[in-house]
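One structure is given below, encoded as structure tokens.
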Amino acid sequence: MAETNNTPAAQPVTPPPATAPEAALPEITPKQQPSRYAAQRQEFRKFLSSLQHLGMGKQRMVFIQSMSLMLTAGLSLVDALKTQLLETRSKAVRTLIQNIITAVESGSPLWKAMDDQSLFSPYEIALVHIGEEGGNLARNMQYLSEQQEKDHALKQKVKMAMIYPSIVVVLVFILIMGLGLFVLPNLVQVLYSLRVELPLATRVVIAFSQFFEAHGVLVTPLLIFALINLFLLGKYTRLRVASQWLVFHTPGIGSLAREATIAQFGVIMGGLLRAGVPLVEALHSLVEVTNIVVYHNFYERLLEHVNAGDSFSKSFAALPESSHLLPISVQQLIVTGERSGALAEVLMKIADMYDKKASETAERLPVILEPLLLIIIGGIVAGIAFAIIVPIYKVVGNIGN
Numbered sequence: 073m074a075e076t077n078n079t080p081a082a083q084p085v086t087p088p089p090a091t092a093p094e095a096a097l098p099e100i101t102p103k104q105q106p107s108r109y110a111a112q113r114q115e116f117r118k119f120l121s122s123l124q125h126l127g128m129g130k131q132r133m134v135f136i137q138s139m140s141l142m143l144t145a146g147l148s149l150v151d152a153l154k155t156q157l158l159e160t161r162s163k164a165v166r167t168l169i170q171n172i173i174t175a176v177e178s179g180s181p182l183w184k185a186m187d188d189q190s191l192f193s194p195y196e197i198a199l200v201h202i203g204e205e206g207g208n209l210a211r212n213m214q215y216l217s218e219q220q221e222k223d224h225a226l227k228q229k230v231k232m233a234m235i236y237p238s239i240v241v242v243l244v245f246i247l248i249m250g251l252g253l254f255v256l257p258n259l260v261q262v263l264y265s266l267r268v269e270l271p272l273a274t275r276v277v278i279a280f281s282q283f284f285e286a287h288g289v290l291v292t293p294l295l296i297f298a299l300i301n302l303f304l305l306g307k308y309t310r311l312r313v314a315s316q317w318l319v320f321h322t323p324g325i326g327s328l329a330r331e332a333t334i335a336q337f338g339v340i341m342g343g344l345l346r347a348g349v350p351l352v353e354a355l356h357s358l359v360e361v362t363n364i365v366v367y368h369n370f371y372e373r374l375l376e377h378v379n380a381g382d383s384f385s386k387s388f389a390a391l392p393e394s395s396h397l398l399p400i401s402v403q404q405l406i407v408t409g410e411r412s413g414a415l416a417e418v419l420m421k422i423a424d425m426y427d428k429k430a431s432e433t434a435e436r437l438p439v440i441l442e443p444l445l446l447i448i449i450g451g452i453v454a455g456i457a458f459a460i461i462v463p464i465y466k467v468v469g470n471i472g473n
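For the sequence shown, my numbering assigns the number 73 to the initial residue and increments by one for each residue that follows.
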């Protein structure tokens with residue numbers, strides 16, 4: 073029989089009494105909800121933490137590689153950590169290892185002690201965590217070590233490929249500063265003495281020259297300092313959205329960044345799933361470790377769909393940006409791996425495939441960037457030459473007339 077509602081329309085319906093678990097939950101007020109200011113403070117704390125451990129990436133890699141070797145050789149966890157402490161000369165790393173030893177000897181698991189140091193990535197913490205729980209810590213450490221070697225090799229190739237463009241950019245910067253401080257001030261007097269109407273390009277060059285003649289000694293170091301700060305802010309703060317957009321839309325560099333990001337996606341997801349981490353937790357670790365903003369947001373939305381029970385096929389179809397961030401071929405491989413129950417193996421193959429692509433792109437990068445750099449340098453030189461030569465040709469023409 074249908075239950076009738078005798079409550080008057082003007083009165084609110086009284087909710088049913090809370091069950092014991094519901095009653096135990098505290099009511100969340102608007103003040104308790106995360107605000108954008110709290111998010112900004114958290115982001116600023118992450119920025120300060122990243123600065124504190126700046127330049128310790130190599131020590132982190134050495135730590136994991138050494139732990140992998142010693143645990144595989146049969147040393148106990150505490151003995152391996154103490155051996156690391158004896159071999160380490162860096163004061164900062166010694167302090168970090170000592171903190172880990174103290175925590176482990178007090179009964180804390182290794183993953184928790186590592187997580188408290190704010191140096192290791194969520195991906196590394198997750199693999200250590202699942203390795204400790206499953207009794208496969210040495211194997212997972214070895215896997216981490218192998219992946220770090222691959223990442224390091226790719227980064228070295230990228231650095232080597234960027235040496236030539238970086239040298240050219242620095243030389244162009246020095247050339248412009250030298251022209252503004254030493255060459256153009258002398259030419260300005262010559263251009264003024266010609267007593268002809270100066271074109272706009274010449275007036276711009278003269279204004280640039282006069283500005284550097286008056287303030288160049290002060291402006292040059294300030295400009296260098298500003299560029300360094302802009303680089304740091306573009307890497308560790310919200311300005312990274314603009315800097316990452318620029319990187320992903322630069323010819324050659326954008327392809328390399330996209331291929332490296334997809335390779336990282338395969339490595340992290342495949343490694344965690346192969347180690348036994350549940351899919352939702354693996355996606356959560358992927359979100360935490362991803363610094364590229366557009367991919368971070370995409371992984372967050374993908375996590376929401378998977379957490380709601382959607383398959384990868386349905387999730388990709390519901391996210392319009394997926395075709396832009398992950399190639400259709402990669403999506404098809406993931407969907408096939410999910411249906412066949414071999415998702416971890418498929419993801420590792422994707423990682424290997426895109427790691428090779430990124431390595432090949434890094435080797436071709438100087439050839440790709442060289443025409444772009446030549447166009448920029450040629451444009452600067454041609455602009456300065458045009459601004460200087462046009463007034464001289466006007467004088468020659470007047471004399472001829």
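Every residue gets a Cβ at the ideal spot worked out from N, C-alpha and C, and that includes glycine.
Looking only at its own chain, which residues have a Cβ that is under 8 angstroms from the Cβ of residue i, when we skip the five neighbours before and after it?
{"i": "D382", "result": "A390"}
{"i": "I172", "result": "L153, L182, A185, M186, Q189"}
{"i": "V255", "result": "none"}
{"i": "L25", "result": "Nothing in the structure corresponds to residue 25, since the chain is present only between 73 and 473."}
{"i": "N212", "result": "L199, V200, I202, G203, A347"}
{"i": "D151", "result": "M142"}
Are the CB atoms of residue j and residue i within a distance shorter than 8 angstroms?
{"i": "Q219", "j": "G338", "result": "no"}
{"i": "I364", "j": "T333", "result": "yes"}
{"i": "E353", "j": "F370", "result": "no"}
{"i": "A454", "j": "T274", "result": "no"}
{"i": "K130", "j": "D427", "result": "no"}
{"i": "A347", "j": "G203", "result": "yes"}
{"i": "A210", "j": "L143", "result": "yes"}
{"i": "A414", "j": "A335", "result": "no"}
{"i": "L437", "j": "L328", "result": "yes"}
{"i": "F284", "j": "V291", "result": "yes"}
{"i": "M128", "j": "A175", "result": "no"}
{"i": "P237", "j": "L446", "result": "no"}
How is the alpha helix (DSSP H) around residue i delimited, first residue to last?
{"i": "D151", "result": "149 to 159"}
{"i": "F388", "result": "384 to 390"}
{"i": "G129", "result": "129 to 144"}
{"i": "A185", "result": "182 to 187"}
{"i": "T167", "result": "163 to 177"}
{"i": "L253", "result": "Looking at the DSSP string, L253 is not in any alpha helix (DSSP H), and its letter there is neither H nor E."}
{"i": "N369", "result": "365 to 379"}
Which residues in the same chain as residue i place their Cβ atom closer than 6 angstroms to its Cβ, once the five residues preceding and following it in sequence are excluded?
{"i": "Y195", "result": "I340, S357, V361"}
{"i": "S217", "result": "I136, Q137, S140"}
{"i": "L305", "result": "L311"}
{"i": "G326", "result": "F320"}
What does a CB cutoff of less than 7 angstroms around residue i pick up in its chain, not counting 5 residues either side in sequence?
{"i": "I440", "result": "P323, G324"}
{"i": "L302", "result": "none"}
{"i": "L355", "result": "Y371, L374, L375, V378"}
{"i": "A95", "result": "Because the pLDDT at A95 is just 36, under 50, the model does not fix this residue reliably, and the point stays unresolved."}
{"i": "S193", "result": "V361"}
{"i": "T160", "result": "R166, I169"}
{"i": "L157", "result": "R166, I169, Q170, I173"}
{"i": "S385", "result": "V407"}
{"i": "L259", "result": "I460"}
{"i": "A380", "result": "none"}
{"i": "S387", "result": "L374, H377, V378"}
{"i": "P257", "result": "S281, E285"}
{"i": "V468", "result": "none"}
{"i": "V402", "result": "I334, I422"}
Please report the distance separating the alpha-carbon of residue i from that of residue j.
{"i": "K154", "j": "G206", "result": "23 angstroms"}
{"i": "L398", "j": "L311", "result": "24 angstroms"}
{"i": "M232", "j": "V240", "result": "14 angstroms"}
{"i": "I48", "j": "K466", "result": "Past the edges of the chain, shown from 73 to 473, lies residue 48, and the structure says nothing about it."}
{"i": "I246", "j": "L318", "result": "23 angstroms"}
{"i": "A279", "j": "L294", "result": "19 angstroms"}
{"i": "P463", "j": "S281", "result": "16 angstroms"}
{"i": "A457", "j": "V359", "result": "51 angstroms"}
{"i": "I235", "j": "S180", "result": "44 angstroms"}
{"i": "Y367", "j": "S395", "result": "12 angstroms"}
{"i": "G250", "j": "V262", "result": "18 angstroms"}
{"i": "L243", "j": "R267", "result": "34 angstroms"}
{"i": "L191", "j": "S162", "result": "15 angstroms"}
{"i": "S178", "j": "N208", "result": "22 angstroms"}
{"i": "Q214", "j": "Q228", "result": "21 angstroms"}
Within the present structure, is the beta-carbon of residue i separated from the nearest heavy atom of the ligand ATP by less than 7 angstroms?
{"i": "V313", "result": "With respect to the ligand ATP, the structure offers nothing, as it holds no ligand at all."}
What are the complete alpha helix (DSSP H) segments, minimum 4 residues, inside the region 296 to 356? Considered as a whole, the region 296 to 356 harbours 312 to 320, 325 to 346 as its complete alpha helix (DSSP H) runs of no fewer than 4 residues, in chain order.
Note down, one range per segment and in chain order, each alpha helix (DSSP H) of at least 4 residues found wholly within the region 190 to 234. Taking 4 residues as the minimum length, the alpha helix (DSSP H) runs contained wholly in the region 190 to 234 are 194 to 206, in order along the chain.
In chain order, what are the residue ranges of uninterrupted alpha helix (DSSP H) at least 4 long that sit wholly in the region 386 to 468? Correct list: 394 to 397, 400 to 412.
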